[in-house]
Amino acid sequence: MTVTIEVPASVPAQVKKPEGDAGGSDALATTLYEAAGRYEEFADRAQEVQDLGSWAGVAYAAYKEASGTASTEHAAMGVTVRRVARGVTAFTDTLRDLLRDHDDLLERKRGLDDRRTTLIADIDAAVDVTEAQVAAFRERSVDLRADYSELVTADDDLQRRVRENETLLRQVFQAADTLAESTSADGGVPPLAESAINRPGAPGSGATPEEVKAWWDGLTEAEREAVIAAYPERIGQGDGLPSDARDQANRVLLDDDLARLAAKSEDGTISATERRILENAQRTQEALANADAYTDPLDPGVKPGGQLWLYDPAAYDGDGRVAVAVGDLDTAADVAVFTPGISTDMTSVTGYTDQMMNLYESTRYNGDGSSVATMFWLGYDAPDGPTDLATLTEGRAEEGGRNLADAIDGLRASRADDPAHLTAIGHSYGSTTTSYAAHGDTIDVDDVVLIGSPGAGPADRASDFGVGEDHVYVGRDSRDFVATLGDEGWIGKFGIGLGTDPSSEDFDATRFEAEDVDRSWHRNTDEAHSSYLDSDSESLYNIGRIVDGHGEDVNGAAQSYDPWWGPPQDPEWDRDPTADQPGRSDTTADR
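So for the sequence shown, the UniProt record's numbering puts the first residue at 1; every next one is plus one.
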């Protein structure tokens, strides 16, 4: 009996590699950013030298008109060249993604070809085959054919994306290839991007996060790439947009600042304001590099990656606004948003991103295996320090609370069909900020964590938060002086703090152990106040359990109280803390 088994052909014949050199494209973008800076410098200088004192008359009028025209035209050229440079950066970022996808497809094809070779060899070696063996061979052949078909579809998709990326870059150049286009208000904007951004629901138009999400969902992939390249400021701050899109747009802006301002710094033409923006950009670059290199503690072969969710280095007179996540905010099952307190500005982003790695690690080590994303969010103007009068009031916290509520709304809207378990964490003055955001039904979070808190702002009790008192958690190191400032008991602090002490009996939140093992005499209150996310700490373990959605498993601590016969008491003062937390590995993940 002759049995025919059709083994599928190896397809596609080849997986074509995307053309282009990402390094060369980066170099071109850097050159363009530097050129844009030169145009801007000339425009500013031409404007500055228009007033020449006593010179008057027809010649001066002509000079003033000519210099004014030159200033306007060079300013427009600067804008256009920056737009083109951003288009090149976006092209390069996409090219890198395409090259990685190409390598993945090649690996898939090698695996399928190996399976095909093995199947043919098994068929050829078979003797006196049974019906069961024939059925098994045919099943393997059918499965192989289906997998080859999926590979062909994936390759077709890759080649389509390559063509769209190259088309977009061509359109970026063509939109500014004449002098009239280059000096126009929209020079360098491809029609595809301009058409998309003018549709209802676009970010920056006053649309709600839900409307922005609907707008994004209605765009083609090519339109999405186009608006990221042409309007990175609007996409990078678009509440309701996928975090990956915001990350791509904000990295374009970051590359712009790094290249353009570094060139000015080298030749000595950088201003004090620009120097501060450059420092903010450099610290953000360091934070992202650390986050991108970080490996998952349970699977060293996986890099969760970093996401630049917010980037505004000039905000608040150079203090800046920034948010960096470790992990994928678009897909993680457990998401934490951490808000810092006083003395925090954008130059702090590297250290806080490292703390987000600690929190990611703790959540993964001690969790149920769910995916995780932890984000440092500095989206408000934190007081400059203890001597800043804003530290003594709740005004910045109230404003920051509104900003945080908007950010949470944006995160929720971006994945309305796949909601994450979301935890809002506030430290120090940031705990008061978080309290303003969580008071009532302002934000849609599952759990609220306040650590090192000088007071819970508008909330008198944990039940004042929309999540319910069972989902409000507090960490307080007994040696943390800042955490003793909140009002407590019948006497309070005469207004020194920023509301009720959330670790107190009166507030009635779930307090967890947060003592530090280092209680040596030379340890100061600042160290105690800043150690809540330190590796191997009691606090980090417990916060990780909450972020993982298992707050009921925290190691509880007795609440502080204020007896009528004496000063407030903290039962944790005399307890011996330990770094040996349940489930904690003895090693630290590679970074």
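Ideal Cβ positions, reconstructed from N, Cα and C, are used throughout, including at glycine.
Sort out for me which residues DSSP pairs L308 with in a bridge. V324
For A336, does the three-state DSSP call read helix, strand or coil? strand
Within the same chain, show all residues whose beta-carbon is closer than 8 angstroms to that of L112, passing over the 5 residues directly before and after it, in chain order. S10, L144, D147, Y148, L151
On the DSSP letters alone, give me the boundaries of the alpha helix (DSSP H) that Y473 sits inside. That residue, Y473, is in no alpha helix (DSSP H); its beta strand (DSSP E) goes 472-475.
When the Cα atoms are used, what is the spatial distance from H471 to G551? 8 angstroms
Candidates T92, D501, G68, Q14: closest to H102 by CA position: Q14
Taking 8 angstroms as the threshold (C-beta atoms), are P190 and A249 in contact? no
Bridge-paired residues (DSSP) for G556: F512
Can you check the stretch 424-472 for any alpha helix (DSSP H) of at least 4 residues that lies completely inside it and give the ranges in chain order? 429-438
Straight-line CA distance for D506 to Y561? 8 angstroms
Would you list the one or two residues that DSSP bridges to M375? A325, V337
Between G549 and H421, how many whole angstroms is the CB-CB distance? I'm expecting something under 8 angstroms. 5 angstroms
Beta strand (DSSP E) segments (min. 3 residues) lying fully within the stretch 338-405: 372-378
According to the neighbour-count rule (16 or more other Cβ atoms, all chains shown, within 10 Å of its Cβ), is D257 buried or exposed? buried
For T484, three-class secondary structure by DSSP: helix
Taking 8 angstroms as the threshold (C-beta atoms), are G466 and A438 in contact? yes
Pair within 8 angstroms by beta-carbon distance, residue 602 and A528: The displayed coordinates of the chain run from 1 to 591. Any statement about residue 602 would go beyond what the structure contains.
Skipping 5 residues on each side, what residues in its chain have a beta carbon closer than 7 angstroms to that of P383? I342, A390, T391, R396, Y429
Please classify E361 as buried or exposed, where buried requires at least 16 neighbouring CB atoms within 10 angstroms. buried
According to DSSP, simplified to helix, strand and coil, what is Q237? coil
Looking at A36 and R82, is the spacing between their C-beta atoms short of 8 angstroms? yes
In angstroms with no decimal places, state the Cα-to-Cα distance between P577 and E538. 8 angstroms
Span separating the alpha-carbon of residue 604 from that of K109: Here the chain comprises residues numbered 1 to 591, so residue 604 is not present and cannot be evaluated.
Under 8 angstroms: do the stretch 83-94 and the stretch 15-33 share three or more Cβ pairs, one atom per stretch? yes
Locate the alpha helix (DSSP H) running through P190, then write down its first and last residues. Per DSSP, P190 belongs to no alpha helix (DSSP H) and is neither H nor E.
So, do the stretch 311-320 and the stretch 394-409 have three or more beta carbon pairs nearer to each other than 8 angstroms? no
DSSP beta-bridge partners of Q569: Y561
Rounded to whole angstroms, what is the Cα-Cα separation between A175 and T80? 10 angstroms
Collapsed DSSP secondary structure at T295 in the structure displayed: coil
Start-to-end residues for the alpha helix (DSSP H) that takes in V79: 58-125
Alpha carbon of A132 to alpha carbon of R138, nearest angstrom: 10 angstroms
Going by DSSP, what residue range makes up the alpha helix (DSSP H) through P209? 209-217
How many Å lie between S71 and G499 at the Cα? 53 angstroms
Could you give the distance in angstroms between the alpha-carbon of E181 and the alpha-carbon of A76? 10 angstroms
Would you tell me roughly how many angstroms separate the C-alpha atoms of S243 and D446, rounded to the nearest one? 20 angstroms
Taking all protein chains shown into account, decide if D574 is buried (16 or more other Cβ within 10 angstroms of its Cβ) or exposed. exposed
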